[in-house]
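Right, one structure below, let's go through it.
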Amino acid sequence: MAELSGNLLQIAFFLYLGATITFSVSVTGRKWRNRQGEMNGNKWGIIGYIFAILGSLFSLGYFFTRWSVAGHAPVSNMYEYMTFFGIAIGIAFVILFAIYRSNYLGMFTMPIVMLIIAYASMFPGEISPLIPALQSNWLTIHVITVALGQGILTIGMAAGLIYLIRSIDFTKTSKQTVAMEITLYAMLSLVGYILIGTIFNVAGYEASFSYINENAEEATMVYPMPALIGPNEGTLMTDDALSPLVNAPAIIRANDLNTVIWSMLTGLLLYVLLRLIFRKKVGAILQPLLKRVSLQTVDEISYRAIAIGFPVFTLGGLVFAMIWAQYAWTRFWGWDPKEVWALITFLFYAAYLHLRLSKGWHGERSAWLCVIGFGLIMFNLVFVNLVIAGLHSYA
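Mind the numbering: the sequence shown is residues -16 to 378 in this note's numbering, read in order.
Take a look at the structure:
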């Protein structure tokens, strides 16, 4: 059954790849799309949507099969959570596409789903029993609700990104173009993580350090990539491995920070290569694909996605989380880094809705807020979750 769940996820991944290709053809192929790039009369868009539906069904098959094998909801570690996060994005897309039928949204969303699932695959995927701190029904309620909320919010980001790439003038250097290039570089860094992680994994690289952890105890830390930054008071125990340039404080999980640094360097290399090959900004490479996109439609999609995703995230990330915290740690709220960042994310999206509804922030300003909000989510999932030691570090 465990092998079956993995096979179902692999099938889902390739179905999402098929959706990416067919949605791209529906937008870029002149013979197959209408002027609006919409599904009406566009067979490739229909095929892409079918692929997306099948991908979601097979990914749910993975989820429930793994659940039956593990005996608990498969959201207890980074592999399981990030995989379900990708599944949630796919499900949110299937629902919203049925309403708006925008092939442009599929062309941007399906690669994000694939990237998230590929990112998850870089973490250990073995099924293991829950540690005592996670043995609660509130794990299922809290974490699944958070992932669903974040998945819906991600659709808002994708629509906002389409709006910005379509509307920004990349022929001039401005705050908007610089910010968009930074955004696209951050996404390339995610690709870089998958690429560099695969390279070192195939090479069989591993280095061990003895160090002093945040509890002032001696421990061992394993690096899957050459150490640019070492652990607190670390001593390299692997022969012929790279010695770190600097050491991190005890509160930082140095091996994960090292991986983030390698990912950013690889993303920078990919960004520079794209600039050299196409001799234009990365946003300008994508812009011609979006000439006929309806700005009003993608602006509405981004707002609707956040209007739906925000209360779902609030329930999972704050309300259910505080109830579980009371059971697990006998207090509703603490200042653990993960809790603080969930509050920051909640306040940001609350501010977005306020500015949108009360101050009339539509169009470009609204789209930027959608993109920044997704940046907060990913910073929480990648940096806060992995690098900063806290009560949630067991995952």
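Here a beta-carbon is modelled for each residue, glycine too, at the ideal position from N, C-alpha and C.
In the assembly as shown, residue 321 is a buried residue. Its beta-carbon has 16 or more other beta-carbons within 10 Å.
Here the C-alpha atom of residue 80 lies approximately 24 Å from the C-alpha atom of residue 102. By the C-beta criterion, the stretch 244 to 255 is judged to be in contact with the stretch 207 to 224, since at least 3 inter-stretch pairs fall below 8 Å. Put simply, the stretch 326 to 345 does not touch the stretch 116 to 128. Fewer than three CB pairs are less than 8 Å apart.
The three-state secondary structure of residue 156, taken from DSSP, is coil. Sequence-distant partners of residue 11 (beyond 5 residues in either direction) whose C-beta falls short of 8 Å from its own C-beta, in its chain, are 272.
Counting the other Cβ atoms within 10 Å of the Cβ of residue 189 gives fewer than 16, which makes it exposed. Residue 310 carries a helical assignment under DSSP once its states are collapsed to helix, strand and coil.
In this structure, DSSP gives residue 166 a helical state, which the three-state scheme calls helix.
For residue 63, the enclosing alpha helix (DSSP H) stretches over residues 61 to 83. The DSSP-derived three-state label of residue 283 is helix.
201 is the residue among 169, 201, 166 and -3 whose C-alpha sits nearest the C-alpha of residue 216. In the three-state reduction of the DSSP assignment, residue 93 falls in the helix class, which pools H, G and I. Just measuring C-alpha positions, the residue of 55, 259, 293 and 36 sitting nearest residue 93 is 36. According to the DSSP assignment, residue 34 belongs to no beta strand (DSSP E) but to the alpha helix (DSSP H) extending over 26 to 53. Counting only residues of its own chain and dropping the five nearest sequence neighbours on each side, residue 288 has a CB closer than 6 Å to the CB of 135, 138 and 139. The shortest CA-to-CA distance from residue -11 to any of 32, 107 and 7 is the one to 107. Under the 10 Å beta carbon count, residue 259 is surrounded by fewer than 16 other beta carbons and is classified as exposed. Judged by DSSP in its simplified three-state form, residue 206 adopts strand.
Counting C-beta pairs with one atom in each stretch, the stretch -8 to 3 and the stretch 41 to 50 have three or more that are closer than 8 Å, which means they touch.
Taking a 10 Å sphere around the C-beta of residue 163, we find 16 or more other C-beta atoms and assign the residue as buried. Collapsing the DSSP output to three states places residue 212 in a strand. Going by beta carbons, residue 149 and residue 270 fall inside the 8 Å limit. CA-CA distance, residue 199 to residue 233, rounds to 8 Å. Membership of residue 261 in the alpha helix (DSSP H) is indicated by the continuous run 237 to 261.
Taking every protein chain shown into account, the CB of residue 120 has fewer than 16 other CB atoms within 10 angstroms, so this residue is exposed. With 16 or more neighbouring CB atoms inside 10 Å of its own CB, residue 5 falls in the buried class. Around the Cβ of residue 337, a 10 Å sphere holds fewer than 16 other Cβ atoms; the residue is exposed. Under the three-state reduction of DSSP output, residue 325 falls in the helix class. Following the DSSP letters along the chain, one finds residue -1 in no beta strand (DSSP E) but inside the alpha helix (DSSP H) bounded by residues -15 to 11.
In terms of Cβ geometry, residue 237 and residue 231 form a close pair [threshold 8 Å].
Put simply, of 27, -6 and -7 the residue whose alpha carbon is nearest the alpha carbon of residue 8 is 27. Looking only at 91, 222, 221 and 195, the smallest Cα-Cα distance to residue 214 is reached by 195. Beta-bridge partners of residue 230 (DSSP): 213. The three-state secondary structure of residue 360, taken from DSSP, is helix.
Of all alpha-carbon atoms in 55, 142, 172 and 155, the one lying nearest the alpha-carbon of residue 365 is that of 172.
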